[in-house]
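Accompanying notes for the structure given below.
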Amino acid sequence: MQLFNSMLGALPVSYGIETRQISAENPTGEKGRACVWEPDPANPELAHSRPAQDLGRGWKVRPFIKVKAGQTVILADIKGPGCINEIFFTSNLKEWRTLVLRIFWDDESEPSVESPVGDYFTIGHDSAPHLVHSLPVNVGPFRACSAYWQMPFRRRARIVLENEGEKDADVVAYRVLYKLHDLPDKVAYFHAQWRRSLTRREHPEHVLLDGVTGQGVYVGTYIARVAFSQGWWGEGEVKFYIDGDKEFPTLADNGTEDYFGGAWNFWIDGLEREFNSSFLGLSLAKNDDRQGPRKYSMYRWHILDSIGFRQDLKVTIQALGWYPDGKYEPLTDDFASVAYWYQVEPHGAFPKLPSMRERWGR
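End of the sequence shown = 363 in the working numbering, gap-free, step of one.
Written out as structure tokens, the structure is:
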């Protein structure tokens, strides 16, 4: 029976479960209520009315929504119990750091997921959209984002999108596919948190996650990094402070490139090279100008190597390079990160999300 615990092996025994999908064509996910719009070219909410006018009702009339500057919309409001299996998203808006994704579980007042949209889907550099091919997150041409994190909920799941920018998002296409079914007595909830900092030479460290209390498991790291120095930037270690660790962590990796699946500087012929795999990758290496700032996107999914904690968790990464004399050089670099984990609710308070100007990409 071990076969049926695997991802593909579970398919033959997953029949009979009620499946629903929320999208612009069916904003409630209600059974038999997708594509019900009557073409009406005078209605700005039905943007594809004119192309569908000759075909009539039941065709592609409302494939996306608009989210105006300063507007907050509820993408999904689902009554449980159940589990979200996939979220798809794309938008014509160029500055995805202005769009904030928040997910709330079971009527909680504070979100369990809070991140700019691009960073959540591992494309944090708005000026350099790129492809991502991994097991839980994929980005196809052009900024077509799909995330397959499994998100159980007992009573309610609410997904909210806020446009904090000054430009309207004229196209927001999305889908939320979920199944309605009972859950085990003990189930952890999905969380994701965005942070950004400029590391300091006095203490060259970026905090990926802190303030997490309770029981859970850490499952992923994404970093959008801007390297301001001219040399190598990835000697810093990733450290996990688990269950009461103070001065010294329990887990520490050998270096940034080792943690994200590379070795010897990610180099081929003297340059960092992009690569994608199921669990880790350097999906962006914008390093053509060796004298100017360089942009990197990197992800590590702890799926087969998840990191459990019983009372608390803190995760950090150092920013270190090399001086010409062979000593470590503390670096001042731009880190924007998303940490992904599951935990038993309630969760601790998130830091206040920085303002739009503080989130602005480079």
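We put the CB at the ideal spot given by N, CA and C, even for glycine.
- Along the length of the segment 68-156, whole beta strand (DSSP E) runs at least 3 residues long occupy 73-80, 83-92, 100-106, 114-117, 138-141, 145-148, 152-154, reported in chain order.
- Close CB contacts of Asp211 within its chain, under the 7 Å cut and outside five residues either way in sequence, are with Lys315 (chain order).
- Annotated three-state conformation of Ala53 is helix, per DSSP.
- Here the alpha carbon of Glu273 sits roughly 8 Å from the alpha carbon of Asn288.
- Secondary structure remark: continuous beta strand (DSSP E) runs of at least 3 residues inside the segment 227-284, in chain order: 239-243.
- Leaving aside the five residues that flank Glu167 on each side, the residues in its chain whose CB is nearer than 6 Å to its CB run, in chain order, Ala70.
- If you look at Met299, you'll find it in the beta strand (DSSP E) that goes 295-302.
- Between the C-alpha atoms of Thr29 and Glu109 there is a straight-line separation of about 20 Å.
- Per DSSP, Arg360 is not a residue of any beta strand (DSSP E); the alpha helix (DSSP H) it occupies stretches across 357-360.
- About 6 Å separates the Cβ atoms of Asp334 and Trp234, confirming a contact at the 8 Å cut-off.
- Residues of the same chain with a CB within less than 7 Å of the CB of Tyr179, apart from the 5 flanking positions on each side, are Arg21, Ile79, Gly83, Cys84, Ile85, Asn86 in chain order.
- When the beta-carbon positions are compared, Tyr341 and Gly221 come within less than 8 Å of each other.
- With contacts defined by Cβ atoms closer than 8 Å, Ala225 and Ala337 form a contacting pair.
- Per DSSP, the beta-bridge partners of Asp335 are Leu199, Val227.
- Here Leu76 is actually not in contact with Val138; their C-beta atoms are around 18 Å apart, not less than 8 Å.
- Between Thr251 and Arg202, the alpha-carbon positions lie close to 25 Å from each other.
- Ser356 counts as exposed, since fewer than 16 other beta carbons sit within 10 angstroms of its beta carbon.
- Tyr175 sits away from Gln344, with the two beta carbons spaced by 8 Å or more.
- Rounded to whole angstroms, His207 and Arg295 show a C-alpha spacing of 18 Å.
- Looking at the backbone, the Cα of Ala253 and that of Thr317 are separated by about 10 Å.
- Residue state for Val213 is assigned as strand, using DSSP reduced to three classes.
- Here Asn288 carries a coil assignment [DSSP, helix/strand/coil].
- For Ile269 and Lys61, the gap between their C-alpha atoms comes out near 47 Å.
- The straight-line gap separating the alpha-carbon atoms of Asp41 and Gly119 is approximately 33 Å.
- Residue environment: Glu39 is assigned as exposed (fewer than 16 neighbouring CB atoms within 10 Å of its CB, all protein chains considered).
- Residue environment: Lys353 is assigned as exposed (fewer than 16 neighbouring CB atoms within 10 Å of its CB, all protein chains considered).
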